[in-house]
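Student: Numbering (UniProt numbering), first residue to last: 1 to 661.
Here's a structure for you.
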Amino acid sequence: MGDCRIRIVIAKSLLLSDEISRITAADQDGGDGDHNVSSSNDTSVSFVYMYAADTTIREVTEGNFILRNIFFDSSKEIIANDDDGCSRKLFTLWDCTYHPPKDITSWPKYDFPDFQGMKSKTLHTAGMFPSGTWIVVPKGITPNKLLSDNNAYVDMQYNNVNTNNKNIGSSDGSEKAMKVMESVINRFQPENKEEFKKKLSESDIIALRRNNLQHRKRRERERVTKLDRKIEILKEQSSSSSSESCSSSKKKKTKKVSDQVLRMLVKSRATGEKSLKQQDRIYFQCLVFLDDDNENDNDNDNDNETTSMTNNNNINNNNNNNSIGGVDTAPSTTKESILSKEYRYFSPQDTFAKIANSFPNHNGYLSEVLCRRQPAAGDRLVADEASSLLTHRCFPVSMRIYEAISQGYLSDNDTKIGTLIIRWYRNRDNATPSIIENKFDDDEMIDTDESNNNYIGTTTSTLSDEQIMTDATTITTPETKIPMQVDEETKSVAINDTSAFFEDTQISNIIQKLDDLNRKGKKATTKNPLSAVAIKLRQMKSKGNKKIKIEDRIFLNVVIITFENTEEDYAMAISEDIFMSKSEPIERILRYISTTTEKNSTTTTTRNVEDWIFLVPQQNDSSSQHYREITTTSICIQEAEEFLYGKVSPFDRLIIRRKNS
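Next up, the structure:
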């Protein structure tokens, strides 16, 4: 394994007279192989040993005669030869291999007293390979005093690759640590420091803040205007391409296609992962464009770089008919435009980082996914803008599609196709504010301006106080913006707001009677935990999609309650064992349960998610009267189980209750 160089430094105030005489005799004889004395001065004595890396702490302590006497010679009362006459037992053993030093006084005798086994510790395990330093000083004295001699850093070469000849904290003419830190802090200061040394007044600070907010708001307004202008150009190109296709086919008028037919055609032309199930697909119209940093940029200008980028995004054949009901479903191939439009489908579990990364980006641009929304009538962010202006916000990289749908940023309506804007840009500071950052910055700016309201009238800005408040709530600082990095996906699910607690004794009574009924008969069940054989039998009898792999299945015990007006109607509660895929949403449980009928009725129950309530008992048995309602049923079943139960166990209970029953 290798050798370890151990250096042991002991204060002379802890040595006895006979030990000092032995050390002095060893120095006069030119060194004693038994003692290994490397150096000695008025305050300390130093020993150097070479041990194997698997040598224990107890062996090192036994190897030095002074440490052996200090730790294990308790037969006689030993007094140190210092003036105050303190007991020799009052000492501290420090491990100074790394900074800060570590107190290891209890290691040789109490923590690791054995030569082998569980209560032993090797030098390699203790971090003393290839070298280590032990210092023994009286209790209450720091080991820094013994490290100030000339031989303090003789073994520094073993644990440090790059070393300096002088200590940065010494007073031998080298720079102090404080001066080094000051130079690092002032590395961006201009040469004329006298002007910046003057302390600015609070009114000047507020004036600078207001000017910065005004500048950031102007940049945000220009970005939104450029974004809308590019989207309008894309719409004009789509309409012109559709009119050309109509004239080529000798049609004077284009018949308007219904939304249902349009969606069917879009599904046939959309691209995505082929392995994704049809019921899991969510279709979007994706607008991809490059937003450069040139403020005087003309949207009709084109260069070789943007032309090649647009051509790389074209995934459909130009010979096919790419027009559906007056809407272009393929990317634009015109040289005058740097925009492209595609139809894609994604999974509700996909993050927006994965969506941005699904579009080929060969030039190393930064990517982000934006959403367009009409501002509310009383929205402070655009109070001074036209009501028709659309605001653009960036989705966080870790947010998933179903989270954006639940928060109202996207629509889950099957009859309409949502729109996503994929923006490419070069400058990291030109990132679009996030939908989350905008909320936090809004509250922060309001608090800042309200606290400094007394100084607003003393500034030299030409804006009014009301406009300043609008500026303060509009723009986020560029330092807090995090552009979308699409090289990895983070697994983050916001489940904290997806559940609610309540107590219901009526449901508990129904489930209790249902469990009592299942315990009767030849195949009675017990309250004891299920054995491995019983779990295997229940898994074989469970219902579900047989195409799901065994390792991807998650088994649940689902209780369906369709009628619960009185306690005698417990027969309308049915218990079933089903299995689903770990990646499926909770709402898909309705597809696996059997159709039941209501009392005195022949109509089957509806499978609409809005007609059912999903409950989870706090305890996985019938004695629990506290339940937790899952309000967001689009989350993944495995992530919900880990949050609600703490771990995923076979046949965890899930209650589905009919609303208004």
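Every residue, glycine too, gets a C-beta built ideally from N, C-alpha and C.
Are the beta-carbon atoms of residue 353 and residue 422 separated by less than 7 Å?
Tutor: Your numbering for residue 353 matches position 353 in the sequence shown. Your numbering for residue 422 matches position 422 in the sequence shown. Taking 7 Å as the Cβ cut-off, residue 353 and residue 422 do not qualify as a contacting pair.
Student: When the Cα atoms are used, what is the spatial distance from residue 62 to residue 70?
Tutor: Position 62 of the sequence shown, counted from the start, is the residue given in the question as residue 62. Position 70 of the sequence shown, counted from the start, is the residue given in the question as residue 70. Approximately 10 Å, taken between the alpha carbons.
Student: Given this structure, state the Cα-to-Cα distance separating residue 3 from residue 551, to the nearest angstrom.
Tutor: On the sequence shown, position 3 is the one that residue 3 refers to. On the sequence shown, position 551 is the one that residue 551 refers to. Roughly 48 Å separates the two Cα atoms.
Student: Taking DSSP as the reference, what is the three-state secondary structure of residue 426?
Tutor: Within the sequence shown, numbered from 1, the residue matching residue 426 stands at position 426. Note: residue 426 maps to coil in three-state DSSP.
Student: What does residue 132 pair with, by DSSP beta-bridge criteria?
Tutor: Position 132 of the sequence shown, counting from 1, holds the residue named residue 132. Answer is 6, bridged to residue 132.
Student: Residue 63 by DSSP, collapsed to three states: which one?
Tutor: Taking the sequence shown and counting its residues from 1, the one referred to as residue 63 is at position 63. Of the three classes helix, strand and coil, the one that applies to residue 63 here is helix, per DSSP.
Student: Assign residue 580 to one of two classes, buried (16 or more other C-beta atoms within 10 Å of its C-beta) or exposed (fewer than that).
Tutor: The count along the sequence shown starts at 1 and reaches residue 580 at position 580. Per the 10 Å Cβ criterion, buried.
Student: So, residue 125 versus residue 105, is the Cβ gap smaller than 7 Å?
Tutor: For this step, residue 125 is matched to residue 125 along the sequence shown. For this step, residue 105 is matched to residue 105 along the sequence shown. Going by C-beta atoms, residue 125 is not nearer than 7 Å to residue 105.
Student: Helix, strand or coil for residue 23, going by three-state DSSP, please let me know.
Tutor: Here residue 23 is taken as the residue at index 23 of the sequence shown, counted from 1. Helix at residue 23.
Student: For the stretch 360 to 368 against the stretch 339 to 347, are there 3 or more C-beta pairs whose distance is under 8 Å?
Tutor: No: fewer than three Cβ pairs fall under 8 Å.
Student: For residue 410 and residue 279, I'd like the C-alpha separation in whole angstroms.
Tutor: Taking the first residue of the sequence shown as position 1, residue 410 is located at position 410. Taking the first residue of the sequence shown as position 1, residue 279 is located at position 279. Approximately 18 Å between the Cα atoms of the pair.
Student: Within 10 Å of its beta-carbon, does residue 392 have 16 or more other beta-carbons around it, so buried, or fewer, so exposed?
Tutor: In the sequence shown, the residue the question calls residue 392 occupies position 392. Flag for residue 392 reads buried.
Student: Go through its chain and collect everything with a Cβ distance to residue 20's Cβ below 6 Å, but skip five positions before and after it.
Tutor: Translated into the one-based positions of the sequence shown, residue 20 becomes position 20. Counting only Cβ-Cβ distances below 6 Å, and skipping sequence neighbours, we find nothing.
Student: Using the DSSP secondary-structure output, state which residues sit across from residue 503 in a beta bridge.
Tutor: Along the sequence shown, one-based indexing puts residue 503 at 503. DSSP, once it has assigned bridges, lists 626 as partnering residue 503.
Student: How about residue 123 and residue 55: are their beta carbons less than 7 Å apart?
Tutor: Residue mapping note: residue 123 aligns to position 123 of the sequence shown, counting from 1. Residue mapping note: residue 55 aligns to position 55 of the sequence shown, counting from 1. Cβ atoms of residue 123 and residue 55: closer than 7 Å.
Student: Contact check, residue 417 vs residue 350 under 8 Å by CB: the rounded distance?
Tutor: Numbered from its first residue, the sequence shown carries residue 417 at position 417. Numbered from its first residue, the sequence shown carries residue 350 at position 350. With a Cβ gap of about 17 Å, residue 417 and residue 350 do not count as contacting.
Student: Between the C-alpha atoms of residue 370 and residue 206, what's the straight-line distance to the nearest angstrom?
Tutor: As a position in the sequence shown, residue 370 is number 370, starting the count at 1. As a position in the sequence shown, residue 206 is number 206, starting the count at 1. So the two alpha carbons sit approximately 32 Å from each other.
Student: Within 10 angstroms of its Cβ, does residue 167 collect 16 or more other Cβ (buried), or is it exposed?
Tutor: Taking the sequence shown and counting its residues from 1, the one referred to as residue 167 is at position 167. Here residue 167 scores only 47 on pLDDT, less than 50, and its place in the model is too uncertain to base an answer on.
Student: Give me the residue from 544, 555, 516 with the minimum Cα distance to residue 535.
Tutor: As a first step, residue 535 is located in the sequence shown; it is residue number 535 there, counting from the start. When each option's Cα is compared against that of residue 535, the closest is 555.
Student: Bridge partners of residue 342, per DSSP?
Tutor: Against the sequence shown, residue 342 aligns to sequence position 342. According to DSSP, residue 342 bridges with 286.
Student: Please work out which residues of its chain come closer than 7 Å, Cβ to Cβ, to residue 653, disregarding the five sequence neighbours upstream and downstream, and give them in chain order.
Tutor: By one-based count along the sequence shown, residue 653 stands at place 653. Only 557, 559, 617, 620 meet the Cβ criterion.
Student: Mind checking which residues open and close the alpha helix (DSSP H) that includes residue 576?
Tutor: Reading the sequence shown from its first residue, position 576 is the one you call residue 576. That residue, residue 576, is in no alpha helix (DSSP H); its beta strand (DSSP E) goes 573 to 581.
Student: Under the rule that 16 or more other beta-carbon atoms within 10 Å means buried, what is residue 462, buried or exposed?
Tutor: Looking up residue 462 in the sequence shown gives position 462. With a pLDDT of 39 at residue 462, under the threshold of 50, the predicted position of this residue should be treated as unreliable, though the coordinate-derived value follows. Residue 462 comes out exposed.
Student: Assuming the contact rule is C-beta atoms closer than 8 Å, residue 637 and residue 585 should be a hit. Round their C-beta distance to whole Å, please.
Tutor: If you number the sequence shown from 1, residue 637 lands on position 637. If you number the sequence shown from 1, residue 585 lands on position 585. Sure, about 7 Å apart at Cβ, within 8 Å.
Student: My output table needs one value for residue 226: the three-state DSSP class, helix, strand or coil.
Tutor: The residue you call residue 226 lines up with position 226 of the sequence shown. Reduced to three states, the DSSP call for residue 226 is helix.
Student: Out of 575, 114, 541, point me to the one whose CA is closest to residue 513's CA.
Tutor: As a first step, residue 513 must be located in the sequence shown, where it is residue number 513. Nearest C-alpha to residue 513: 575.
Student: Going by DSSP, what residue range makes up the alpha helix (DSSP H) through residue 537?
Tutor: Position 537 of the sequence shown holds residue 537. Taken as a continuous stretch (DSSP letters only), the alpha helix (DSSP H) holding residue 537 covers 532 to 541.
Student: Leaving out five residues on either side along the sequence, give the residues of the same chain with a beta carbon under 7 Å from the beta carbon of residue 90.
Tutor: What you label residue 90 is simply residue 90 of the sequence shown in a count that begins at 1. Here the set comprises 138, 139.
Student: Quick one, which of 545, 553, 610 has its alpha-carbon nearest residue 583's?
Tutor: On the sequence shown, residue 583 is found 583 positions in, with the first residue counted as 1. Of the candidates 545, 553, 610, the one whose C-alpha sits nearest the C-alpha of residue 583 is 553.
Student: In the DSSP assignment, the alpha helix (DSSP H) including residue 185 goes from what residue to what residue?
Tutor: Against the sequence shown, residue 185 aligns to sequence position 185. Start and end: 177 to 185.
Student: The beta strand (DSSP E) with residue 614 in it runs from where to where?
Tutor: As a first step, residue 614 must be located in the sequence shown, where it is residue number 614. Residues 612 to 617.
Student: For residue 508, does the three-state DSSP call read helix, strand or coil?
Tutor: The residue given as residue 508 occupies position 508 in the sequence shown. Of the three classes helix, strand and coil, the one that applies to residue 508 here is helix, per DSSP.
Student: Short of 6 Å in beta carbon distance, which residues of its chain neighbour residue 121, apart from the five on each side in sequence? Order them along the chain.
Tutor: Locating residue 121 in the sequence shown gives position 121, where the first residue counts as 1. Excluding residues within five positions, the ones whose Cβ falls inside 6 Å are 57, 112.
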